[in-house]
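Participant: Here's a structure for you.
Numbering (the UniProt record's numbering), first residue to last: 1 to 356.
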């Protein structure tokens, strides 16, 4: 009987593979902190149906092959879901495992369209698409009178996907990029790229890429003498990214997929703000993404009932047709796993903080 009781009170295991070290370590750390803020708060109130949530995190060093291997390890360890992984090629490497083992993935930290269309029965997005972000950024630049825009993108599935939004945004305002360059994800080299960007004399440069590579690209642009407005997407909306950029961060525009992290008018932000303050943590946009993704997963677990299974969780998530995250509404159905469609922009102030 004691053994049965122990089993009944076992933790609900959730698995994460992400670049805890490597190019995106700063933002992965912040997203995971945000998720843990919510999981810890839920566990402190007795967990979900009396069971605590245990997050098991493995480092894939931002390597797609290692991400897939880690995901298989976590699945074999009996996690009820995979959660908050990072990267487009990495998620694509994991997706066949979701189908094979019938395990949900909740809140992948990527906005690739391939994760939205066609709908994958076991994958549940929380954040908006990169295409939506890039299109919104281009529309803003055009609105403030910037006509000459250049694009520097990583040459992988993430870059190929996100750039479609930027190009669509330019077509919407009857423009084309004055320069469009690609760099290798595994060995970024901006030396041959920057002279071509400078020769095009852009007023703004949109960097589509991740972490330290984008930092290096922006530093190379400034070192080459360009004063163009620098823009990037929300996957770089971390305090660590700003710290790595140093004084060059001032004035950089970064798209956002959640409400402003200092807006107490947003119930979601107010929630995270109170918990982060109690933990003596400075709130960042990426922490809000982790927190919101955790909130979605926990709501799915609640709806799945006591002794949840992977299939019960999938069906429970699909029942969340209108779920209020706190001033922003998320919806799923069997034919729609998109989640949110929220996109906004922020600029880095002289104090290194995001402003809207």
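We treat Cβ as the ideally placed atom computed from N, Cα and C, and that holds for glycine. Note that the coordinates shown come from a computational prediction; the quantities given were computed from them, not determined experimentally.
Tell me where the alpha helix (DSSP H) around residue 272 begins and ends.
Facilitator: Here the question's residue 272 lines up with position 272 in the chain shown. Run containing residue 272: 267 to 278, per the alpha helix (DSSP H) assignment.
Participant: Is it true that the CB of residue 56 sits closer than 8 Å to the CB of residue 13?
Facilitator: Taking the first residue of the chain shown as 1, we reach residue 13 at position 13. Taking the first residue of the chain shown as 1, we reach residue 56 at position 56. For residue 13 and residue 56, yes; Cβs fall inside 8 Å.
Participant: Alpha carbon to alpha carbon, what distance is there between residue 49 and residue 343?
Facilitator: Residue mapping note: residue 343 aligns to position 343 of the chain shown, counting from 1. Residue mapping note: residue 49 aligns to position 49 of the chain shown, counting from 1. Cα-Cα distance, rounded: 34 Å.
Participant: Under a Cβ-count criterion, where at least 16 other Cβ atoms within 10 Å of its own Cβ denotes burial, should residue 44 be classed as buried or exposed?
Facilitator: Counting from one through the chain shown, the residue named residue 44 turns up at place 44. Label assigned to residue 44: exposed.
Participant: Assuming residue 248 and residue 80 make a contact with CB atoms under 8 Å, what is their CB distance in whole Å?
Facilitator: Translated into positions along the chain shown, residue 248 becomes position 248. Translated into positions along the chain shown, residue 80 becomes position 80. With 8 Å as the limit, residue 248 and residue 80 do not qualify as a contact, their Cβ atoms being about 43 Å apart.
Participant: Checking the sheet assignment: what are the DSSP bridge partners for residue 204?
Facilitator: In the chain shown, residue 204 corresponds to position 204, counting from 1. 149, 229, per the DSSP bridge assignment.
Participant: Just verifying my parser: in three-state terms, what is the DSSP assignment at residue 76?
Facilitator: Counted from its first residue, the chain shown places residue 76 at position 76. Three-state DSSP puts residue 76 in a helix.
Participant: Take the Cβ of residue 117 as the centre, count every other Cβ of all protein chains shown within 10 Å, and call the residue buried at 16 or more, exposed below.
Facilitator: If you number the chain shown from 1, residue 117 lands on position 117. Result: exposed.
Participant: Could you name the residues of the same chain whose beta carbon sits closer than 8 Å to that of residue 46, not counting the 5 residues immediately before and after it, in chain order?
Facilitator: Start at 1 with the first residue of the chain shown, and residue 46 comes out as number 46. Nothing meets the Cβ criterion.
Participant: Runs of 3 residues minimum, wholly inside the region 48 to 131: which ones carry the beta strand (DSSP E) assignment?
Facilitator: For the region 48 to 131, whole beta strand (DSSP E) runs of length 3 or above, ordered along the chain, are 53 to 59, 81 to 83.
Participant: Per DSSP, residue 16 is paired with what?
Facilitator: Counting from one through the chain shown, the residue named residue 16 turns up at place 16. BP columns for residue 16 point to 57.
Participant: Cα separation between residue 368 and residue 62?
Facilitator: The shown model of the chain, from 1 to 356, leaves out residue 368, and the question about it has no answer.
Participant: Do residue 290 and residue 241 have their CB atoms nearer than 8 Å?
Facilitator: Counted from its first residue, the chain shown places residue 290 at position 290. Counted from its first residue, the chain shown places residue 241 at position 241. Taking 8 Å as the Cβ cut-off, residue 290 and residue 241 do not qualify as a contacting pair.
Participant: Would residue 205 and residue 150 qualify as a contact pair, given that the criterion is a beta-carbon distance under 8 Å?
Facilitator: Within the chain shown, residue 205 is the residue found at index 205, counting from 1. Within the chain shown, residue 150 is the residue found at index 150, counting from 1. Yes, Cβ-Cβ distance for residue 205 and residue 150 is below 8 Å.
Participant: With contact counted as at least three CB pairs below 8 Å, one residue from each stretch, are the region 181 to 200 and the region 118 to 127 in contact?
Facilitator: The region 181 to 200 is not in contact with the region 118 to 127.
Participant: Answer with buried or exposed for residue 36, where buried requires no fewer than 16 other C-beta atoms within 10 angstroms of its C-beta.
Facilitator: Here residue 36 refers to the residue found at position 36 when the chain shown is read from its first residue. Looking at its Cβ environment, which holds 16 or more other Cβ atoms inside 10 Å, residue 36 is buried.
Participant: Have a look at residue 271 and residue 225 and give me their C-alpha separation to the nearest angstrom.
Facilitator: Here the question's residue 271 lines up with position 271 in the chain shown. Here the question's residue 225 lines up with position 225 in the chain shown. Spanning the two alpha carbons is a distance of roughly 43 Å.
Participant: Pull up the DSSP beta-bridge partners for residue 256, would you.
Facilitator: Counting from one through the chain shown, the residue named residue 256 turns up at place 256. In DSSP, residue 256 forms a bridge with 344.
Participant: Is the number of C-beta pairs between the region 88 to 108 and the region 151 to 161 that are closer than 8 Å three or more?
Facilitator: Touching, yes, given that three or more Cβ pairs across the two stretches are closer than 8 Å.
Participant: Does residue 321 come out as helix, strand or coil in the three-state DSSP assignment?
Facilitator: Numbered from its first residue, the chain shown carries residue 321 at position 321. Of the three classes helix, strand and coil, the one that applies to residue 321 here is coil, per DSSP.
Participant: Would you give the residue range spanned by the beta strand (DSSP E) that residue 330 belongs to?
Facilitator: On the chain shown, position 330 is the one that residue 330 refers to. From DSSP, the beta strand (DSSP E) with residue 330 extends over 329 to 333.
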